[in-house]
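Here is the structure we will look at, set down as structure tokens.
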Amino acid sequence: MVGATRGLLFCLLAVSVTYVKGEMFTALADMERLVYQESDMVAALKQYIYMEEARLDELKRIADDFEALTKKATEDAESYLHHPVNAFLTVKRFLVDWNRVDELVEMSFASDYLSNISYHRPYFPTKEDFRGAALALFRLQETYKLTASDVADGIIQDTKDSPTMNALECFELGRVAYEDTDNLHTVMWMKEALKRAQTENPPSIEISVVLDYLSYSTYMIGDLKEALRLTEQLLDIEPDHQRGHGNKAFFEHELAVISGQKGDTGDMEEDETNKVQDSRPKRNVPEREAYEALCRGEQVQMTPAREKKLKCRLRHYNRPFLYLQPAKEEVVFDKPKLILYRDCISDAEIERLKVLAAPKLRRATIQNSVTGNLEFAEYRISKSAWLRDDDDDVVMKISKRIEYYTGLTMDTAEELQVANYGIGGHYEPHFDFSRRKKDEVDAFKALQTGNRIATMLFYMSEVTAGGATVFPRVGARLVPEKGTAAFWYNLLKSGEGDYSTRHAACPVLVGSKWVSNKWIHEVGQEFRRKCGMSEDR
Ligand SMILES: *[C@@H]1O[C@H](CO)[C@@H](O)[C@H](O)[C@H]1NC(C)=O
49 MVGATRGLLF CLLAVSVTYV KGEMFTALAD MERLVYQESD MVAALKQYIY
99 MEEARLDELK RIADDFEALT KKATEDAESY LHHPVNAFLT VKRFLVDWNR
149 VDELVEMSFA SDYLSNISYH RPYFPTKEDF RGAALALFRL QETYKLTASD
199 VADGIIQDTK DSPTMNALEC FELGRVAYED TDNLHTVMWM KEALKRAQTE
249 NPPSIEISVV LDYLSYSTYM IGDLKEALRL TEQLLDIEPD HQRGHGNKAF
299 FEHELAVISG QKGDTGDMEE DETNKVQDSR PKRNVPEREA YEALCRGEQV
349 QMTPAREKKL KCRLRHYNRP FLYLQPAKEE VVFDKPKLIL YRDCISDAEI
399 ERLKVLAAPK LRRATIQNSV TGNLEFAEYR ISKSAWLRDD DDDVVMKISK
449 RIEYYTGLTM DTAEELQVAN YGIGGHYEPH FDFSRRKKDE VDAFKALQTG
499 NRIATMLFYM SEVTAGGATV FPRVGARLVP EKGTAAFWYN LLKSGEGDYS
549 TRHAACPVLV GSKWVSNKWI HEVGQEFRRK CGMSEDR
């Protein structure tokens with residue numbers, strides 16, 4: 049009955065949790081809460097240890113006293129008991145003191161501690177969070193070309209106080225890759241686990257267990273010879289390993305078949321390697337490479353000659369509101385025209401937006417182009433919230449500011465979206481406009497506001513490393529600077545989508561990234577687009 053009531057209570061608690069389970073890793077905001085939670089849990093554990101120690105101390109004192117007494121008594125029981133006080137005290141001990149001992153032994157604080165700590169349980173990260181955190185590390189490895197060894201040593205950019213991972217932790221990361229049938233990362237991390245286990249004394253994970261996983265995943269990426277070597281190494285340590293013997297026979301057989309086909313040339317490795325089946329979904333490879341290179345700061349397509357033509361100036365666009373505080377406009381790319389507005393949102397405004405958004409942050413969704421439904425996707429990992437103009441003066445002021453800067457009406461714009469990207473948080477290449485292909489549900493049809501004509505993207509934090517906005521088709525790269533906004537038109541003047549605006553948010557490598565954006569729509573802009581900064585388009 050007690051259990052049932054408690055179960056119910058926890059259900060209620062779980063409902064009131066503001067994040068959706070399994071999505072903690074998507075935002076630093078949630079991870080921060082975890083840090084405070086853990087510090088509370090440590091305090092509870094220390095309290096439990098303190099109480100248990102006090103209990104055991106009392107028991108120990110009683111045991112010591114009794115030991116001294118019984119030692120004396122047993123040396124000469126008769127004369128000891130001749131003293132009437134000794135006789136009385138002996139009887140008393142049996143009736144009173146030994147009961148106290150029972151009481152103290154029974155009085156464990158274990159259930160008290162467990163019920164104290166259980167308050168935190170509904171807020172624990174889930175297995176999905178663990179998987180998400182691991183996948184974020186793999187993504188960072190891929191995008192920024194980091195070795196498992198460097199990651200395990202915490203050597204990521206110039207971070208200080210780097211944490212290091214032991215063999216078991218590398219193994220656990222490898223296990224996530226294994227369960228995800230991501231053989232490449234399984235091999236990388238099991239190799240690292242093996243290397244570390246061999247230097248640990250005692251190893252934090254059994255070497256044979258690591259070898260078991262490593263030989264299998266090595267086979268899966270097509271390196272048969274190495275898989276056999278690792279299996280033999282496993283059998284050296286554990287001669288009775290059942291699966292080890294099975295695998296050895298299988299690998300030997302496979303090798304024999306291949307060398308038979310090859311007429312014993314023995315150079316099967318290359319062909320084998322070509323068979324590598326990376327099970328991860330195939331994405332647009334050239335685009336992904338361009339995207340990842342830009343994220344690393346490579347292949348940026350902006351020649352000095354081209355750059356010289358770009359302008360940087362203070363402008364008020366003949367709008368009285370901007371006479372005193374003109375826009376600090378800087379054109380940083382020509383095709384598509386990318387404009388930065390420096391110092392266009394203050395630190396105080398940023399803090400206010402974060403406060404307003406925090407309770408509303410949800411894992412960002414994407415629209416399924418076939419069904420029109422909103423879904424989660426691996427390619428967009430962040431948390432976001434929508435703020436309406438009437439939510440707060442600051443939101444309204446920002447809408448007005450965008451209108452003054454761009455000359456475009458906000459009447460048909462979407463609400464302000466605030467997003468927080470945690471470690472590994474990213475948004476792969478996409479268009480902001482709707483492509484209206486035959487098989488696509490027109491995302492904006494119901495709104496009657498037309499397509500997304502332009503995007504204004506405010507950077508609300510610096511990012512220690514990673515997190516750039518990149519345009520892989522043209523080689524443009526914008527690095528987040530707190531207080532700066534980026535603006536571009538998504539549509540050509542004809543109303544057609546401008547395909548050069550395909551862009552992405554690079555994974556956050558170190559730090560946390562806050563942005564907000566306004567998607568501005570077509571309807572109402574008919575006589576406005578030619579005004580202001582857009583005059584030369
Ligand atoms: C459990 O929490 C209560 C209230 O904070 C505290 O008084 C008690 O000592 C805690 N018990 C243990 C075993 O930590």
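Take any residue in the sequence shown, count from 1 to its spot, add 48: that is its number in this note's numbering. Ideal placement from N, C-alpha and C gives every residue a C-beta, glycine not left out. Since the model is a prediction, treat every value here as computed from it, not as a measurement.
DSSP-derived helix/strand/coil call for residue i
| i | result |
| --- | --- |
| Gly-531 | coil |
| Gln-309 | helix |
| Asn-231 | helix |
| Lys-445 | helix |
| Asn-164 | helix |
| Glu-318 | Confidence at Glu-318 is low in this model, with a pLDDT of 42, below 50, so the placement of that residue should be treated as unreliable; the coordinate-derived value is given next. Note: Glu-318 maps to helix in three-state DSSP. |
| Lys-566 | strand |
| Tyr-469 | strand |
| Met-155 | coil |
| Phe-294 | In the sequence on display, residue 294 carries Gly and not Phe. The answer is helix: DSSP assigns Gly-294 an H, G or I state. |
| Cys-360 | strand |
| His-130 | helix |
| Tyr-67 | Bear in mind that the predicted position of Tyr-67 carries a pLDDT of just 33, short of 50, making it unreliable; the figure below should be weighed with that in mind. Coil at Tyr-67, not helix or strand. |
| Tyr-365 | coil |
Length of the line joining the Cα atoms of residue i and residue j
| i | j | result |
| --- | --- | --- |
| Ala-353 | Trp-562 | 33 Å |
| Thr-512 | Gly-470 | 12 Å |
| Tyr-537 | Arg-244 | 51 Å |
| Met-89 | Arg-521 | 49 Å |
| Ser-166 | Ser-156 | 17 Å |
| Val-558 | Gly-473 | 10 Å |
| Glu-335 | Gln-309 | 38 Å |
| His-364 | Asp-395 | 22 Å |
| Gln-349 | Gly-523 | 5 Å |
| Leu-370 | Asp-391 | 13 Å |
| Ala-116 | Ala-125 | 14 Å |
| Lys-408 | Glu-151 | 51 Å |
| Gly-543 | Ala-502 | 11 Å |
| Ser-482 | Ile-429 | 20 Å |
| Glu-510 | Ala-516 | 10 Å |
| Arg-576 | Leu-456 | 6 Å |
| Phe-535 | Glu-190 | 29 Å |
| Glu-377 | Lys-175 | 46 Å |
| Lys-357 | Pro-374 | 22 Å |
| Ala-111 | Thr-118 | 10 Å |
Proximity test, residue i beta-carbon vs ligand 1 heavy atom, cut-off 7 Å
| i | result |
| --- | --- |
| Met-99 | yes |
| Tyr-161 | yes |
| Ala-102 | no |
| Tyr-96 | yes |
| Phe-157 | yes |
| Ala-534 | no |
| Ala-92 | yes |
7 Å CB neighbourhood of residue i in its chain, flanking five on each side removed
| i | result |
| --- | --- |
| Gly-202 | Ser-210, Pro-211, Thr-212 |
| Gln-465 | Ser-432, Trp-434, Ser-564, Asn-565 |
| Asp-439 | Leu-404 |
| Tyr-261 | Gly-222, Tyr-226, Thr-234, Met-238 |
| Lys-323 | Confidence in Lys-323 is poor, its pLDDT being 39 and thus under 50, which makes the residue's placement too unreliable to answer from. |
| Leu-194 | Leu-188, Ile-204 |
| Gly-450 | Reading off the sequence, residue 450 comes out as Ile, not Gly. Around Ile-450: Met-458, Met-504, Lys-566. |
| Pro-251 | Ala-215, Ala-245 |
Beta-carbon contacts of residue i that lie in its chain and below 6 Å, excluding the five residues immediately before and after
| i | result |
| --- | --- |
| Gly-460 | As written in the sequence, residue 460 is Thr, which differs from the Gly given in the question. Correct list, in chain order: Thr-497, His-569, Val-571, Gly-572. |
| His-614 | Coverage of the chain is limited to positions 49 through 585, which leaves residue 614 absent and any answer about it impossible. |
| Ser-447 | Asp-437, Met-458 |
| Phe-479 | Arg-550 |
| Arg-179 | Val-224 |
| Gln-205 | Ala-513, Val-558 |
| Asp-145 | none |
| Thr-532 | Leu-388, Arg-390, Tyr-507 |
Neighbourhood of residue i by C-beta, 8 Å cutoff - its chain only, sequence neighbours within 5 removed
| i | result |
| --- | --- |
| Leu-129 | Ala-121, Ala-135, Thr-138 |
| Glu-100 | Ser-156, Phe-157 |
| Ala-275 | Ser-263, Tyr-264, Thr-266, Tyr-267, Asn-295, Phe-299 |
| Glu-397 | Val-442, Lys-445, Ile-446 |
| Gln-347 | Ala-338, Ala-341, Gly-523 |
Distance cut-off 7 Å: residue i Cβ against heavy atoms of ligand 3
| i | result |
| --- | --- |
| Asn-164 | Among the ligands present in this structure, namely ligand 1, ligand 3 is not found. |
Presumed contact (8 Å Cβ cut-off) between residue i and residue j, rounded CB distance
| i | j | result |
| --- | --- | --- |
| Tyr-507 | Glu-476 | That pair is no contact at about 19 Å. |
| Ala-248 | Ala-215 | Correcting the residue type first, residue 248 is Glu in the shown sequence and not Ala. Indeed they touch by this definition, with Cβ atoms about 6 Å apart. |
| Ala-200 | Glu-240 | 5 Å |
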